[in-house]
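For reference, the structure discussed in these notes is given below.
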Amino acid sequence: MEEESSEVMMNLLHENKLSIALSGAETPGFKEPWIEQYPIDKRPLQVCIAPNHPLAKKPFITSKMLTNYSFICLDKGYTHYAIFENWAKTNQINSNQVTYTKEIQTAGSFIASGLSVGIMIDLLVKNRTDIVTRPLKNAPQFYINLIVNKNAAVNPLQQKFNKTLIQNTSELQTS
């Protein structure tokens, strides 16, 4: 089992080092011919802040409300990075306001301390009582997919595992 950024996971799949992976994406579909894709979820990015942050009492947050704050974002290689960069450019967020990290825990610490605002999916902070999320108006979407490398050679046990994951993912979509 590997736990890496979406970019690393896709590279491991492409290099046939993995046959199946969960991966985030900034668009709903992949166009690679060697991939089978099974959508799992689509989530809007949210504003993640400390409970005592001035914006914590707002029912939703606009990009304009965030112009004077510092941000923490996951670094290159993470899907969050690409989505945040596009959002920041569209909303004229100054790159000097952004700190990047390769660690989700570090991002959480910056947010919980009140040093920075995070723009990410709620799943990354859902078990933290020291961080609250607020809806971001016109939020970009984060797509979660099960990705299968159709060209990977797999043993019977891995094949059975992959088939079970695909079946469970497909059942999620029909329920």
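Sequential numbering of the sequence shown, starting at 12, is according to my numbering. Note that CB positions come from ideal geometry on N, CA and C, so glycine has one too.
Nearest Cα to T90 within the set L126, R145 and F153: F153. Straight through space, the alpha carbons of P50 and E182 are spaced by roughly 11 angstroms.
A Cβ-Cβ separation of about 6 angstroms places L147 in contact with L56 under the 8 angstroms criterion. Judged by beta-carbon spacing, C59 lies beyond the 9 angstroms limit of V159, meaning their Cβ atoms are not closer than that value. Under the three-state reduction of DSSP output, V165 falls in the coil class, being neither helix nor strand.
Between A36 and M20 a beta carbon distance of about 11 angstroms is seen, past the 8 angstroms cut, so the two are scored as non-contacting. The beta-bridge partner set that DSSP reports for E47 consists of V159.
A distance below 6 angstroms between beta-carbons, with the five flanking residues on each side excluded, links N27 to the following residues of its chain, in chain order: A163. Partner residues in a beta bridge of S81, as assigned by DSSP, do not exist. Residue state for D52 is assigned as strand, using DSSP reduced to three classes. The continuous beta strand (DSSP E) containing G35 extends over residues I31 to A36. A direct Cα-Cα distance of roughly 21 angstroms separates F95 from K69. For secondary structure counted as the beta strand (DSSP E) over 3 or more consecutive residues, the segment 65-126 holds these complete runs in sequence order: 82-85 and 109-112. Straight through space, the alpha carbons of N166 and V136 are spaced by roughly 36 angstroms. Under the three-state reduction of DSSP output, I130 falls in the strand class. Proximity of the segment 77-91 to the segment 166-176 falls short of the contact definition, fewer than three beta-carbon pairs being nearer than 8 angstroms. Approximately 7 angstroms separates the beta-carbon atoms of V128 and S81; this is inside 8 angstroms, confirming the contact.
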